[in-house]
Structure formats: C-alpha cells, structure tokens
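Remember, the numbering used here sits 3 above the position in the sequence shown when you count from 1. Here the structure comes first, spelled out in structure tokens, and everything after it is commentary.
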Amino acid sequence: MLDYRIISRENYSNKIRELVTMLEHTRDVTLSEISNLNQSDLDFLPNGSSNTIGSLLSHIAAMKFVHQVISFEKRDLTESEYLKWRISLELGDKAREGIKKKSLDYYLNE
C-alpha cells in the first residue's frame with residue numbers, strides 16, 4: 004500500500020526531505036500504476052502526436068541517467084551516451100518509431 008505521508012528523513016534539510024519524499028512517492032505511484040501493463044499497453048498511441056507509455060518510461064530513465072552524470076560525475080554526456088539516449092531524451096516522431104515492442108521489464112531495467 005502506498006504511503007501518502009511526508010515523512011521526515013534524517014540527514015536532509017526540511018525542504019530536501021520534502022523533495023526526496025515527493026520523488027519517492029512519484030516513483031512508487033508510477034510503478035504501482037504500470038505494474039500490470041503488457042507490451043500492447045506500453046505501445047498504445049492515442050494519436051499521431053502523443054508518446055506511448057513505453058516512450059515516457061524510457062524518457063524517465065534517460066533523464067535519470069543524464070542528471071546522475073551531471074550531478075555525480077560533474078560532466079556532460081559523452082557522444083556514445085548521448086547517441087544511446089537521444090531518442091528517449093527528445094521523444095517525438097523518432098521515439099514513436101523507435102521505442103516500441105519492449106516488455107515492462109525492459110523499461111524498468113533500462
């Protein structure tokens with residue numbers, strides 16, 4: 004069951020505690036909502052200008068990777084890293100064509 008309380012966490016200032024709790028809650032809710040989706044659900048495209056759930060999950064993974072590199076390694080992406088994540092970062096037409104036919108496990112382990 005999801006916990007909706009903002010819980011104080013040690014080693015963080017008050018505002019950072021709130022932010023960490025909100026980020027953890029967002030992750031928990033997202034994982035709960037997608038837990039039973041199959042490949043067809045992940046690839047569903049409501050219209051020609053939308054992004055699929057799979058594309059959005061890939062985008063989340065890409066953004067997490069980029070922010071970890073910038074924050075912890077104090078550098079920009081290498082060319083090979085950018086090429087790997089480019090479609091997921093930019094979304095749009097290329098993502099609609101290139102990000103599909105993957106299982107939920109693929110996106111969760113990306």
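Heads up, the beta-carbon is just placed ideally off N, CA and C, and yes, glycines get one too.
>> Can you find the residues in the same chain that come closer than 8 Å, C-beta to C-beta, to LEU40, ignoring five residues on each side of it along the sequence?
In response: ILE56 and LEU107
> With respect to the alpha helix (DSSP H) encompassing SER58, which residues constitute its N-terminal and C-terminal limits?
Replying inline: 56-75
> Between the C-alpha atoms of TYR1 and PHE75, what's the straight-line distance to the nearest angstrom?
Replying inline: Beyond the ends of the chain as shown, which are 4 and 113, falls residue 1; an answer cannot be given.
>> Quick check: ALA65 and SER91, are their CB atoms within less than 7 Å of each other?
In response: yes
> How many Å lie between SER54 and PHE68 at the Cα?
Replying inline: With the sequence shown as reference, residue 54 is identified as Asn, and Ser is not the correct amino acid for it. Their backbone Cα atoms lie some 20 Å apart in a straight line.
> Whose C-alpha, out of ASN14, MET4 and LYS103, is nearest the C-alpha of LEU59?
Replying inline: LYS103
> Taking all protein chains shown into account, do 16 or more other C-beta atoms lie within 10 angstroms of the C-beta of HIS62, making it buried, or fewer, making it exposed?
Replying inline: buried
> What separation, rounded to the nearest whole angstrom, lies between the Cα atoms of ARG8 and ILE37?
Replying inline: 22 Å
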